[in-house]
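Report on the following structure.
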Amino acid sequence: MVWRKFEMLKVLYITTSYFPTLNGTTLRANNLFKPLKNKKLCEFRVLTPRKNAAGKPIYKVRVEDYEIIDGVHVHRVEKPFDLIGAIRRICKQYPIDVIEVRHPRFALYGFLSNVRKPIILHLGSIECYNNLVKRLLAKFTYRISNKIIVLSRSAKEVLVNKFNIQEDKIEVIINGVDIEEFNSNRINNIDIRKKYHISERYIVGYVGKFGEWEGLRYLIKCVPYVIKEVKSVKFFLVGYGSDFDYVNNLVKKLGIEDKVILPGDVLPEDVPSYIDSMDVFVIPRISSLTTETAIPLKVLEAMAMGKAIIGTKVAGLAEVIDNNKNGILINPDDEEQLANAIIKVLRNSFLRNQLGINARRKIETNCEYRWDFASRKLYKLYSEVVNKRTQ
Numbered sequence: 000m001v002w003r004k005f006e007m008l009k010v011l012y013i014t015t016s017y018f019p020t021l022n023g024t025t026l027r028a029n030n031l032f033k034p035l036k037n038k039k040l041c042e043f044r045v046l047t048p049r050k051n052a053a054g055k056p057i058y059k060v061r062v063e064d065y066e067i068i069d070g071v072h073v074h075r076v077e078k079p080f081d082l083i084g085a086i087r088r089i090c091k092q093y094p095i096d097v098i099e100v101r102h103p104r105f106a107l108y109g110f111l112s113n114v115r116k117p118i119i120l121h122l123g124s125i126e127c128y129n130n131l132v133k134r135l136l137a138k139f140t141y142r143i144s145n146k147i148i149v150l151s152r153s154a155k156e157v158l159v160n161k162f163n164i165q166e167d168k169i170e171v172i173i174n175g176v177d178i179e180e181f182n183s184n185r186i187n188n189i190d191i192r193k194k195y196h197i198s199e200r201y202i203v204g205y206v207g208k209f210g211e212w213e214g215l216r217y218l219i220k221c222v223p224y225v226i227k228e229v230k231s232v233k234f235f236l237v238g239y240g241s242d243f244d245y246v247n248n249l250v251k252k253l254g255i256e257d258k259v260i261l262p263g264d265v266l267p268e269d270v271p272s273y274i275d276s277m278d279v280f281v282i283p284r285i286s287s288l289t290t291e292t293a294i295p296l297k298v299l300e301a302m303a304m305g306k307a308i309i310g311t312k313v314a315g316l317a318e319v320i321d322n323n324k325n326g327i328l329i330n331p332d333d334e335e336q337l338a339n340a341i342i343k344v345l346r347n348s349f350l351r352n353q354l355g356i357n358a359r360r361k362i363e364t365n366c367e368y369r370w371d372f373a374s375r376k377l378y379k380l381y382s383e384v385v386n387k388r389t390q
């Protein structure tokens, strides 16, 4: 797929949060937008609330009603329900071609705004709604959306088989990775070891969000098993989230504070150095509809860095990790099996190196894992829904 010169499309992108908030959603948006902005194929307007549905502030710092961030026009309203009126105002004031939304509820707002613009629903994962009303609303938004973007083939299968959505309505756009930025040959990790006073021979690590679904509780529970067999090892879990306090308290409860470092969030530009400091990268996700239908950005970044990866047998990881070839997959929720896998990889340097080499090779040789490729697919999708609308 090559770039060709087309007309500039005007996109209204409605999301739960945007910069200066840093998370997987904002980083994905930025990486998808960048090639399209630079080639003047798209003009983006982002619309986002300051507070979430529960009324809690989304941003930790003061943000303006309107500002331009790296060439993107950012509009903010106070709360989610204010989005309906804002959609009307923006579509009246600016020549919007297509609306892209990052939550089913926002697709409903786009529909209720009655602006008669094509809607693309962009799902990070498929949520399991226990509430009947929410489940019915989700199904409704799947049907009213002109197209649906998902991050994995497994997510597409769920929408087709469980929600009866037409297959040709769904587009898979996998997360990408910058193989020049995430390249162990360009990174020096000595400063990371010095910064955190890590003298142990091995580092077992994780970089990402601290959510219960990430399975970090099981990683901490396996630490006592590992350190009995491998003495010179440090566990280095980088990031923050709703499960951080639980994980931190669990470390104290198990009395392993000297073996675990929890530095909290780090800057995105520093992530390659943190990953590079690790001998083994662990993603112990639990099994849920969310984890079964999403390929996390962090696994691709760790693979690009040539790390030996241990993950769990959830579809979102199994889609990119070939068991015993470029990573090891174990059963979810099993700290003993996780411990055995970590011990095995730490003790076998040939296996550890081979897993890392194969992981890097898979990312290098597959254009599907490039942001440039993902952006092309996104632009093609925009054009398709706009042209179909004007016919």
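Okay, so the sequence shown: first residue is 0 according to numbering that gives the first Met the number 0, each after it adds one.
Even for Gly, the Cβ is constructed at its ideal location relative to N, Cα and C.
Cβ contact annotation for residue 291 (same chain, cutoff 7 Å, sequence separation greater than five): 153, 313, 314 and 315, in chain order. In this structure, the alpha-carbon of residue 384 lies about 36 Å from that of residue 282.
Within the same chain, 250 come within 8 Å of residue 256 by CB-CB distance, once the 5 residues on both sides are set aside. Beta-bridge partners of residue 12 (DSSP): 45 and 99. For residue 181, the closest of 237, 296, 161 and 132 by C-alpha to C-alpha distance is 296. About 5 Å separates the beta carbon of residue 278 from that of residue 202, a gap short enough to meet the 8 Å contact definition. Rounded to the nearest angstrom, the gap between the Cα atoms of residue 387 and residue 116 is 11 Å. In this structure, 177 is the residue among 304, 177, 327 and 262 with its C-alpha nearest to the C-alpha of residue 31.
Contact between residue 123 and residue 301 does not hold, since their C-beta atoms are separated by about 19 Å, which reaches or exceeds 8 Å. Of the residues 317, 63, 346 and 247, the one whose Cα lies closest to the Cα of residue 225 is 346.
Per DSSP, the unbroken alpha helix (DSSP H) holding residue 335 starts and ends at 334–346. Residues of the same chain with a CB within less than 6 Å of the CB of residue 235, apart from the 5 flanking positions on each side, are 202, 204 and 260 in chain order. Taking the Cα of residue 114 as reference, the smallest distance to any Cα among 83, 339 and 136 is reached at 83.
In the three-state reduction of the DSSP assignment, residue 322 falls in the strand class. Apart from the 5 residues on each side of it in sequence, residue 199 sits with its Cβ closer than 6 Å to the Cβ of 231, 232 and 233 in its chain, given in chain order. With a contact defined as Cβ atoms closer than 8 Å, residue 239 and residue 264 qualify at about 5 Å.
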